[in-house]
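Student: Numbering (this note's numbering), first residue to last: 96 to 545.
Supplied in structure tokens, the structure appears directly below.
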């Protein structure tokens, strides 16, 4: 089967998985384990017949398609290397895409051209409450059929390892773990060096989380909060921790689309406060502009199909931006609940990227709302285009963001998953619901993914 040089679509994932099963009917099988909200089948590709189950979840976020290419690559590795199946008494269970409906909405950019402007103008990611990995009201109240499918799989398989495959649009690679896998940081460093992938040494997603090694972070015991806290502080329950009761370790594996070398720079910055003030000021200005454009656009959206699906994430982003700008500003953030950790160059770059990302995602979604209406009576498109072009230029010219070929993204992610698999078998853990501080029936799990 030829290697993937671009991201696979939902239909291509199913077709390629079926072709693998046809070639290896004794070792591989494909079954429908659920359906999406739109009725799209959720397919599980399983390789091997061992007693130790590994669950790999691709496509939990609609705009992060690398996982689809990765699970196909992992299936081929498991089929060609019996040490990964019979030799390890293991079965690989590969969920091809957890959010196929969301992935379909991103198909306008999946085949390229892979430019920042094209990506953000066609970007889609559902609102916070429609993301299938999250359990804002707990597992028993899971509302999305995709979420219920994943929970059922976790309880059926009781995997020793769960890997959730994510993609960083701009930045570097890193891993988040529900418990330590000693040696993973060294493995990730070697994989990243061989493939030329920058490691995120100050990942924004894990800004307040303890490190287990360079670019490896420990998902900490959670706390409950309101929606804004959930989005910005990782404060709701997640499917990452649901199989904890079975002794499962979950690894969230992030691979970059556009790499930025500076996210791997752990040096002390020359003037961190000046940079923080600049990042905060830009985010405030962008937020005011975007909020004003939304107010002008909103009265003209009656004819836009499914406008609510695009407006939901816009509302989420605009909700959290002012608080983030204050939290990052050294002149305002001193009294926040979570003061910033000591700044390194890597952390400053991560914050700069995160601020631009929030603005670009919001602008891209508003751009789609206007173009979807077929007219622009509010005159918003020129302003949206200027903002998108300016922030993409900042990524390209100031941050030196460079495209990472799809095959290299998938190879990096696959190798990290295989390293986590090997270390999980080397460091087994008894199946137990307890044993860690803060774990219990009322706990929630961090889930900040913005």
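In this text, a Cβ means the ideal position worked out from N, Cα and C, and glycines have one as well.
Since we're looking at a predicted model, the values are computed, not measured.
Quick one: grab the DSSP three-state call for residue 112.
Tutor: Residue state, collapsed to three classes: helix.
Student: For residue 370, tell me which candidate among 445, 119 and 215 has the shortest Cα-Cα distance.
Tutor: Among 445, 119 and 215, the Cα nearest to that of residue 370 belongs to 445.
Student: In chain order, what residues of the same chain have a beta carbon less than 6 Å from the beta carbon of residue 303, not counting five sequence neighbours either side?
Tutor: The answer, listed in chain order, is 433.
Student: If distances are taken between C-alpha atoms only, which option among 502, 307, 456 and 333 comes closest to residue 213?
Tutor: The shortest Cα separation from residue 213 among 502, 307, 456 and 333 belongs to 456.
Student: Check residue 264 in the structure and name its three-state DSSP category.
Tutor: DSSP places residue 264 in strand when its eight states are reduced to three.
Student: Using a Cβ-Cβ cutoff of less than 8 Å, which residues in the same chain neighbour residue 436 once the five nearest sequence positions on both sides are dropped?
Tutor: Correct list, in chain order: 302, 303 and 442.
Student: Determine whether the beta carbon atoms of residue 100 and residue 157 lie at a separation below 7 Å.
Tutor: It is not a contact, given that the beta carbons lie outside the stated cut-off.
Student: Is residue 301 helix, strand or coil when you go by DSSP?
Tutor: Residue 301 falls in the helix class under three-state DSSP.
Student: Report all residues from its chain with a CB closer than 6 Å to the CB of residue 471; omit the five preceding and five following residues, and keep chain order.
Tutor: Cβ within range, chain order: 465.
Student: With DSSP collapsed to three states, give me the class of residue 189.
Tutor: In the structure shown, residue 189 sits in a strand (DSSP, three-state: E or B).
Student: May I have the straight-line CA-CA distance separating residue 494 from residue 454, to the nearest angstrom?
Tutor: Going from the Cα of residue 494 to the Cα of residue 454 covers about 16 Å.
Student: Quick one: what's got a C-beta closer than 6 Å to residue 356's C-beta in the same chain, skipping five residues either side?
Tutor: Correct list, in chain order: 293.
Student: Taking only runs that begin and end inside the segment 181-265, name each unbroken beta strand (DSSP E) of 3 or more residues, in chain order.
Tutor: Those beta strand (DSSP E) runs which fall completely within the segment 181-265 and span 3+ residues are 185-190.
Student: Am I right that residue 382 and residue 417 are in contact with their C-beta atoms under 8 Å? What's the rounded C-beta distance?
Tutor: About 6 Å separates the two Cβ atoms, so the contact holds.
Student: Quick one: what does DSSP say residue 121 is sitting in, helix, strand or coil?
Tutor: If DSSP states are grouped into helix, strand and coil, residue 121 belongs with coil.
Student: State the Cα-Cα distance for the pair residue 160 and residue 182, rounded to the nearest angstrom.
Tutor: Approximately 30 Å, taken between the alpha carbons.
Student: Return the CA-CA distance between residue 108 and residue 207, expressed in angstroms with no decimal places.
Tutor: Cα to Cα, residue 108 sits roughly 17 Å from residue 207.
Student: Using alpha carbons as the reference points, say which of 522, 498 and 392 lies closest to residue 263.
Tutor: Measuring from the Cα of residue 263, the nearest candidate turns out to be 498.
Student: Can you give me the Cβ contacts of residue 221 inside the same chain, cut-off strictly under 8 Å, excluding the 5 residues immediately before and after it?
Tutor: Within the same chain, residue 221 has close Cβ partners 157, 194, 197, 404, 407 and 408.
Student: How big is the Cα-Cα spacing for residue 126 and residue 413?
Tutor: Roughly 40 Å between the two C-alpha positions.
Student: Residues in its own chain within less than 6 Å of residue 147 by CB, not counting five upstream and five downstream?
Tutor: If we look at residue 147 and ignore the five residues flanking it on each side, its Cβ neighbours are 184, 185 and 255.
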